[in-house]
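Before any comments, here is the structure.
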Amino acid sequence: LENHDFQKKLIEKKLREKYLVGGKHRNTSNRIEDESKVRNIKGEILNNLDEYKKKYKNRHSKRKGLGKLECYCEKKVFDKFDYIYELAEKVKNEEKAFKKKINNKYVYRLIIFALVPLFGFLMPLIFNKYGPFSLYCVIDCREHGTSSDDYDHSGSGYVKSSIKSETWTLVNILNDVFLCTSTLIVVFFISYIFVKYIKYESLKAGKG
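For the sequence shown, position 102 matches number 102 in our numbering, and the numbering has no gaps at all.
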């Protein structure tokens, strides 16, 4: 109910600003005509946005699998947009407080989430030939050291670790999988939010 009332007030305010600017200097017939436009357009916009939300349960019940999940996610995203707009209206005279609250609740978390794939670059950076562990070898290394049976590394400048080559190969594969998967998830998530924002704004503007 609070979101519904908020949407009504916000839309009515924007429409009045659009059609009633300079109202003091307009004659009575023009003001009446503008008031009528406000009521008509406001009703259309509220029907587009509110009715779409009201049909959520109906859409959710008809969909299956990923469609049902997508419907659920869309509702959550729309609820967040409602919250942000409602908060912006409540603290419109306190811009700093609004930005701080939005940054703490959404922006910083989104930035941290977007940086997750960077962890996949740590291993290549640390273990490349210029990294701090460039002289470390796997325990069964046969590329460095003397030609003795155990390939002693004591005089070669390289250090044998306790990790086998098979284990190291597996670690590299897992790191590549993490890098690719996390990058795809982040790109998909941000793209999804952007698409839903456009849809939300379109519905709110009466274009959906």
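Even glycine gets a Cβ: it sits at the ideal position worked out from N, Cα and C.
* Assuming V138 contacts K164 under a Cβ cut-off of 8 angstroms, what Cβ separation, rounded to an integer in Å, is found between them? -> Their Cβ separation, rounded to whole angstroms, is 6 angstroms, which keeps V138 and K164 in contact under 8 angstroms.
* Evaluate G23 with the Cβ neighbour count: other Cβ atoms within 10 Å of its Cβ, from every protein chain shown; 16 or more gives buried, anything less gives exposed. => With a pLDDT of only 49 at G23, under 50, the local geometry of the prediction cannot be trusted, and no value is derived from it.
* Asked: Y136 to K75, Cα distance in whole Å?
  -> If you draw a straight line from the Cα of Y136 to the Cα of K75, it is about 51 angstroms long.
* Helix, strand or coil at C141 [DSSP, three-state] -> Of the three classes helix, strand and coil, the one that applies to C141 here is coil, per DSSP.
* To do: Please classify K204: does DSSP put it in a helix, a strand, or coil?
  => Note: K204 maps to helix in three-state DSSP.
* To the nearest whole angstrom, what separates the beta carbons of F78 and K55, a pair I think is in contact under 8 angstroms? -> A Cβ-Cβ separation of about 12 angstroms leaves F78 out of contact with K55 under the 8 angstroms criterion.
* If you draw a straight line from the C-alpha of L284 to the C-alpha of I112, how long is it? -> What the structure shows of the chain is the stretch from 1 to 208, and residue 284 is not part of that stretch, so it cannot be assessed.
* Based on the DSSP output, what are the partners of V159 in its beta bridges? -> Paired residues: Y136.
* Put I90 into one of helix, strand or coil per three-state DSSP. => The amino acid at residue 90 is misidentified as Ile; the sequence shows Lys. In the three-state reduction of the DSSP assignment, K90 falls in the helix class, which pools H, G and I.
* **Neighbour-count burial assignment, D140, 16 or more Cβ in a 10 Å radius** => By the beta-carbon neighbour count (other beta carbons within 10 angstroms, threshold 16), D140 is exposed.
* To do: Return yes when the Cβ of F194 is within less than 9 angstroms of the Cβ of G120, no when it is not.
  => In this structure, F194 does not lie closer than 9 angstroms to G120 by Cβ.
* **Segment limits, alpha helix (DSSP H) that includes P117** => Premise fails: P117 is in no alpha helix (DSSP H) and is neither H nor E.
* Would you mind reading off the limits of the alpha helix (DSSP H) that contains R59? => Y56 to K62 is the extent of the alpha helix (DSSP H) around R59.
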